[in-house]
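Chains A and B, in that order, give the protein sequences. According to the numbering used here, the residues represented by the first sequence are 65 to 315, in order. According to the numbering used here, the residues represented by the second sequence are 52 to 307, in order. Where is the CB? At the ideal position from N, CA and C, for every residue including glycine. Just below is one structure, and these are the notes that go with it.
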Amino acid sequence: MTRFQKMIFGLQEFSLLIKDIFAHLGSVKDNWTETIQEMYLIGTKSFFLIFLGGLFIGIILAIETGHQLETFGATAWIAKTVSLGMVRELGPVIAGLLLAARTGAKNTSELGAMQLSEQIDALRAFGASPVEKLVIPRTIAALVMFLPLTLIADIVGILGGMLVSNQTFHSDISVFWNTAVTSLKMKDLFVGFLKPIFFGFFIATISCYFGLTTKGGTTGLGKNTINAVVYSSALILVIDFIFTKVVWELL
Amino acid sequence: MIELKNISITLNDNVILDDVTLNIEMGMNTIVLGPSGAGKSSILKIILGLWKPDNGEIIFEGKNVCKMTDDEILQLRKKVGIVFQGNALFDSLTVAENILYFLPGKKKLSENELKYKIEELLSFVNLSGTENLYPEELSGGMKKRVAIARALAFNPQVVLFDEPTTGLDPINTESILELIEKLKQNGTTSVVVTHILDDAIEVGDNFIVINEGKIVEAGSLEKILRSKNPFVNEFFKRFIEENHNPFIRISKEVNK
Ligand SMILES: Nc1ncnc2c1ncn2[C@@H]1O[C@H](COP(=O)(O)OP(=O)(O)OP(=O)(O)O)[C@@H](O)[C@H]1O
Ligand SMILES: [Mg+2]
Numbered sequence: 065m066t067r068f069q070k071m072i073f074g075l076q077e078f079s080l081l082i083k084d085i086f087a088h089l090g091s092v093k094d095n096w097t098e099t100i101q102e103m104y105l106i107g108t109k110s111f112f113l114i115f116l117g118g119l120f121i122g123i124i125l126a127i128e129t130g131h132q133l134e135t136f137g138a139t140a141w142i143a144k145t146v147s148l149g150m151v152r153e154l155g156p157v158i159a160g161l162l163l164a165a166r167t168g169a170k171n172t173s174e175l176g177a178m179q180l181s182e183q184i185d186a187l188r189a190f191g192a193s194p195v196e197k198l199v200i201p202r203t204i205a206a207l208v209m210f211l212p213l214t215l216i217a218d219i220v221g222i223l224g225g226m227l228v229s230n231q232t233f234h235s236d237i238s239v240f241w242n243t244a245v246t247s248l249k250m251k252d253l254f255v256g257f258l259k260p261i262f263f264g265f266f267i268a269t270i271s272c273y274f275g276l277t278t279k280g281g282t283t284g285l286g287k288n289t290i291n292a293v294v295y296s297s298a299l300i301l302v303i304d305f306i307f308t309k310v311v312w313e314l315l
Numbered sequence: 052m053i054e055l056k057n058i059s060i061t062l063n064d065n066v067i068l069d070d071v072t073l074n075i076e077m078g079m080n081t082i083v084l085g086p087s088g089a090g091k092s093s094i095l096k097i098i099l100g101l102w103k104p105d106n107g108e109i110i111f112e113g114k115n116v117c118k119m120t121d122d123e124i125l126q127l128r129k130k131v132g133i134v135f136q137g138n139a140l141f142d143s144l145t146v147a148e149n150i151l152y153f154l155p156g157k158k159k160l161s162e163n164e165l166k167y168k169i170e171e172l173l174s175f176v177n178l179s180g181t182e183n184l185y186p187e188e189l190s191g192g193m194k195k196r197v198a199i200a201r202a203l204a205f206n207p208q209v210v211l212f213d214e215p216t217t218g219l220d221p222i223n224t225e226s227i228l229e230l231i232e233k234l235k236q237n238g239t240t241s242v243v244v245t246h247i248l249d250d251a252i253e254v255g256d257n258f259i260v261i262n263e264g265k266i267v268e269a270g271s272l273e274k275i276l277r278s279k280n281p282f283v284n285e286f287f288k289r290f291i292e293e294n295h296n297p298f299i300r301i302s303k304e305v306n307k
C-alpha cells in the first residue's frame, strides 16, 4: 500500500472506531469501575501539570501585554486581555496540548502493550469487546474531566495574571478581578467550555485508535505513541482554529 | 462438531493457512501437531473468529462463524475458553481478578461464593494462595496455569489450549494432562496445540498434523503412525525411536 492508501485506510478504520463507540455508548453503565478509575487517573495525575501550565501562561500573558499597554497608560486593559485570552483560547489549548501528551501517551502505550501481548485478543476471546471495556471508559473519562481541568487552567491563569499585574503594574486586585469576570460574556464562556469537550473526545479516540492498531513490537509501539501525540496535538490546533474562525462567527 | 472448511488466510503477503479443512469432534481431545511456524496458533485464532479467513468457512453448532453478527460471535466465545501461547494475562489485574474478570453472572454471586470458586480453580492448577499476586510476580509456568484457570472459570464447552505444557516441569505437566482428561470425562471438548509428542499421545484421541499452513495428516494415532507421508514419518521418527530406546522402555516397565 502506498502512504496515501494507508492514510485513507487508517481514516476509515478510525471512523469505524468512532461509529463503534457511539453504537455501544450505553455499555458504560456495565463498566463504571473502569470509567471512574480513568477519570481519577486523568484528574489527579494531570492536576499539577495543568495548574503549572495555566499559571505560567497567565503570568506571561499579563507581563507581555502589560508592557505594551503600559506605554499607552492603559494597564487597566490587562485584566480583560488576560481573562478573554485565557478562557477563549489559551486555557483550552494549553490544557488540551498538555493532556494530549499525558493522556494520549498513556492510552496508546497501555492499549498498545495490551495489543502486543495478546491481551486485546484475550478480551475478545472471552466475549468482551475492547471498545466497551477500554475505549469507551477512556473516552467518557476524557469528556468529563477535560472541562474541569480547563476551568482550573483558566482560573489559575487569571489569578497569576492578577498577581503579576498587581506587583509589576500596580493594578488593584479587586478591580482586576471584577474587570476580568465582567469582561466574559456568555459567548466567550460557551466557546471556551465547548472546546475542551471536543479536545477530550479526539485525544481519547485518537490515542485509543493508535493503541489498538499497534503492531511491530516495541518499535511499533514507540512509533504509534508518537503518532498519537502528534496527531492529537495537531488536531487540537485545527479544531481551535475552526472554533475561533467559524463557530465564533456563527454564534 | 466444529468444522473448518477450505480455510485460507494470508497476512502481509505471508500465506499462513492454505486450504485447511478439519473437523473437531465434540467430547474428544483433538491434538494439533506441527513444527514452529506451521500455523497451529493461527488455527485457534480462526476458530474463535479473532482472525477472519480470506476464504472458507468455520461451522460451529451448525452456524457459519464468518457470517455471524458481533453479538452472535460474543455468545459463541462465551462457550469457548482459550489458553494463549503467551498467556495474555491482564497485567493490571491480580490472579483472582484475572480469573473472575469474565465470569458471567458474577454479580449475582456472593463474596464467599466467588472466593470459593477462586480457591477451587486455583487448587485445580496447583496455585492455591496466589490470589492476590500480579502476573509479573509469577514464574512463566505459574502464569500458564493461571491462564488455564481463567479459561476454565466459566465452564466452557470447548477449551483451546495453545502449548499448555511447554515450559512446565514434569509434575505440573502431568497435572495439566490429568486435568484435560478430567475435562473430557465431564464432556468438555479440548483442542490441544503442542509439539511435545509424549503429552500429545497421552491425552489425544484425534490428531491433526500441520506443516507450512497445510494439513498433512489427520486421524487416530494408528493412522498417523502408519502414514506414508515423509513429513509425518520424520516428525514421529524420534518418538518411535525413543519407544525402542531400551532405557526408556525399562524405566517405564520398572515404574509400572
Ligand atoms: N500477526 C501476524 N501477522 C503476520 N504474520 C503472522 C502473524 N502471526 C503469525 N504470523 C505468521 O504465521 C505463521 C504461523 O504462525 P503461528 O503462530 O500460527 O505458528 P505456530 O504453529 O503456532 O508456531 P509455534 O509453534 O512457534 O507457536 C508464521 O509464519 C508467522 O510468521
Ligand atoms: Mg503457536
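- About 15 Å separates the Cβ atoms of Leu272(B) and Ile247(B), ruling out a contact at the 8 Å cut-off.
- For Ala89(B), no beta strand (DSSP E) encloses it, and the DSSP letter there is neither H nor E.
- The Cβ of Gly137(B) sits closer than 7 Å to at least one Cβ of chain A.
- A contact between stretches requires three or more CB pairs, one per stretch, nearer than 8 Å, and the region 122-135 of chain B fails this requirement with the region 164-178 of chain B.
- In terms of Cβ geometry, Ile300(A) and Phe265(A) do not form a close pair [threshold 7 Å].
- Every alpha helix (DSSP H) stretch that sits fully inside the region 234-274 of chain B and reaches 4 residues is listed by chain position as 248-254.
- Legend: CB atoms of the region 280-294 of chain A lying less than 7 Å from CB atoms of chain B are not found in any residue.
- Put simply, the CB of Asp185(A) is near chain B, with a gap under 7 Å to one of its CB atoms.
- Taking one beta carbon from each stretch, the region 274-289 of chain A and the region 176-195 of chain A have 3 or more pairs nearer than 8 Å; the two touch.
- Distance from the CA atom of Asp142(B) to the CA atom of Phe190(A), rounded to whole angstroms, is 16 Å.
- By the criterion of at least three beta-carbon pairs nearer than 8 Å, the region 236-250 of chain B is not in contact with the region 262-281 of chain B.
- The C-beta of Phe190(A) comes closer than 7 Å to at least one C-beta of chain B.
- Residue environment: Pro215(B) is assigned as buried (16 or more neighbouring CB atoms within 10 Å of its CB, all protein chains considered).
- Taking the beta carbon of Ile133(B) as reference, the chain A residues within 7 Å of it are Ala189, listed in sequence order.
- Note on Thr283(A): under 16 other CB atoms within 10 angstroms of its CB, so exposed under the neighbour-count rule.
- In the DSSP assignment, Gly218(B) falls outside any beta strand (DSSP E) and carries neither an H nor an E.
- Just so you know, the alpha carbons of Ala140(A) and His234(A) end up roughly 10 Å apart.
- Residue state for Asp142(B) is assigned as coil, using DSSP reduced to three classes.
- Per DSSP, Thr139(A) lies in no alpha helix (DSSP H) and is assigned neither H nor E.
- Between the region 289-307 of chain A and the region 82-92 of chain B, the count of Cβ pairs shorter than 8 Å is below three; the stretches do not touch.
- Per DSSP, the unbroken beta strand (DSSP E) holding Glu54(B) starts and ends at Ile53 to Leu62.
- With a threshold of 16 other beta carbon atoms within 10 Å, Pro156(A) meets it and is buried.
- For the C-beta of Ser181(A), the chain B residues within less than 7 Å are, from N- to C-terminus, Gly137 and Ala139.
- Here the alpha carbons of Ser181(A) and Asp64(B) stand approximately 23 Å from one another.
- Taking C-alpha positions only, Ala198(B) is separated from Asp213(B) by approximately 11 Å.
- Annotation: the continuous beta strand (DSSP E) that includes Thr72(B) extends over Asn65 to Ile75.
- Close to Leu125(B), with beta-carbon spacing below 9 Å, are these residues of chain A in chain order: Arg188, Gly191, Ala192 and Ser193.
- The region 167-183 of chain A and the region 118-136 of chain A do not touch, with fewer than 3 CB-CB distances between them shorter than 8 Å.
- Linking Leu148(A) to Leu184(B) through their CA atoms gives a straight-line distance of about 52 Å.
- For Ser271(A), the CB contacts under 6 Å within the same chain, skipping 5 residues up- and downstream, are Gly168, Asn171, Thr172 and Ala292 in chain order.
- Rounded to the nearest angstrom, the gap between the Cα atoms of Gly264(B) and Leu62(B) is 12 Å.
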